[in-house]
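The listed protein sequences correspond, in order, to chains U and L. Residue 1 is where the first sequence starts when you use my numbering, and the numbers rise one by one after that. Residue 1001 is where the second sequence starts when you use my numbering, and the numbers rise one by one after that. Beneath this line is the structure, given in structure tokens, with notes to follow.
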Amino acid sequence: GENVEQHPSTLSVQEGDSAVIKCTYSDSASNYFPWYKQELGKRPQLIIDIRSNVGEKKDQRIAVTLNKTAKHFSLHITETQPEDSAVYFCAAKKSRNFGNEKLTFGTGTRLTIIP
Amino acid sequence: NAGVTQTPKFQVLKTGQSMTLQCAQDMNHNSMYWYRQDPGMGLRLIYYSASEGTTDKGEVPNGYNVSRLNKREFSLRLESAAPSQTSVYFCASKTGVSYGYTFGSGTRLTVV
């Protein structure tokens, strides 16, 4: 099955600096790569996603890049703010049958923004 | 519109007790999932249901059973709880035509 590795496990950055979290996946058939943000005691929430036919996607201060050849994708957060402090999870999925598809998650990165 | 609702939010069980975690969604989603979250291990899939009437094992199904009662509801049952099942359990759902999961607020389960 799919295996997703995520690095680093913890990351501290000064407020205003950029943060980068990287993930690699094992199954070359995977074609959907979401990122989730989980604040302390809360549920994971989708913040951005990318499909395999796209190399980069941006949404305000966050962006995701995908390198299909190397089988890795990254989350970039610019101009970090205190509210960006959370645990971030990457995930990967391949579509097989309609609806019969499931996400495999990375182990998470705890991002701390230092004021 | 409540999204995905999980009950209970907290539960303490003694080893060997049984319980059922409830999940319901009001978004008319086809697919539903149960994940467990443990420190340093991310979210691991226990069981999922691609559509009403079907269920499949995920990565860590041992010690659990599920029931897709109808399109809205997907329950997770622990027949004989063990301390290794202490975890936070999340239910999620998605519609077949989109890719994003919507998660419930989680159930924090402690087995002593």
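Cβ atoms here follow ideal geometry from the backbone N, Cα and C, with glycine treated the same way.
A check of alpha carbon separations from valine 87/U across Arg110/U, His76/U and Thr78/U identifies Arg110/U as the nearest. The region 18-32 of chain U and the region 73-89 of chain U touch, with no fewer than 3 CB-CB distances between them shorter than 8 Å.
Taking a cut-off of 8 Å on C-beta distances, the region 1060-1073 of chain L touches the region 1028-1047 of chain L, as three or more cross pairs fall below it. For threonine 24/U, the enclosing beta strand (DSSP E) has its first and last residue at 19-25.
Interface criterion not met: the Cβ of leucine 1078/L is under 7 Å from no Cβ in chain U.
At a cut-off of 7 Å, the C-beta of phenylalanine 73/U has no neighbouring C-beta in chain L. Taking a Cβ-Cβ threshold of 7 Å, the residues of chain U close to methionine 1041/L are Thr107, in chain order.
When the beta-carbon positions are compared, serine 1093/L and threonine 1107/L stay at least 7 Å from each other. Identification of chain U residues near glycine 1058/L by a Cβ-Cβ cut-off of 8 Å yields Lys102, ordered along the chain. Counting other Cβ atoms within 10 Å of its Cβ, threonine 104/U reaches 16 or more and is therefore classed as buried.
Within chain U, the C-beta atoms nearer than 9 Å to that of leucine 1045/L come from Lys102, Leu103, Thr104 and Phe105, in chain order.
Per DSSP, reduced to three states, the secondary structure at aspartate 1026/L is coil, with no helix or strand assignment. Taking the C-beta atoms as reference points, threonine 1015/L is found no nearer than 7 Å to arginine 1077/L. The beta strand (DSSP E) runs of length 3 or more contained entirely in the region 1025-1095 of chain L are, from start to end of the chain, 1031-1038, 1042-1049, 1064-1068, 1074-1078 and 1087-1094.
Taking C-alpha positions only, threonine 65/U is separated from tyrosine 1089/L by approximately 30 Å. For chain L, the residues of the region 43-65 of chain U that bring a beta carbon within less than 9 Å of one of its beta carbons are Arg43, Pro44, Gln45, Leu46, Asp49 and Arg51, in chain order.
Residues Leu1013, Thr1015, Ala1081, Ala1082, Pro1083, Gln1085 and Thr1086 of the same chain have their beta carbon placed closer than 7 Å to that of valine 1111/L, with the five preceding and five following residues left out of the count. Annotation for serine 12/U: the continuous beta strand (DSSP E) segment containing it runs 10-14.
When secondary structure is reduced to three states using DSSP, proline 1008/L falls in the coil class, being assigned neither helix nor strand. In this structure the region 23-33 of chain U touches the region 43-56 of chain U; the number of beta carbon pairs closer than 8 Å is three or more. In the DSSP assignment, valine 1111/L falls within the beta strand (DSSP E) that extends over 1107-1111. Nearest neighbour of alanine 92/U by Cα position, chosen from Gln81/U, Asn67/U and Tyr25/U, turns out to be Tyr25/U. Counting along the chain, no beta strand (DSSP E) covers lysine 42/U, and no H or E run does either.
Residue state for glutamate 101/U is assigned as coil, using DSSP reduced to three classes.
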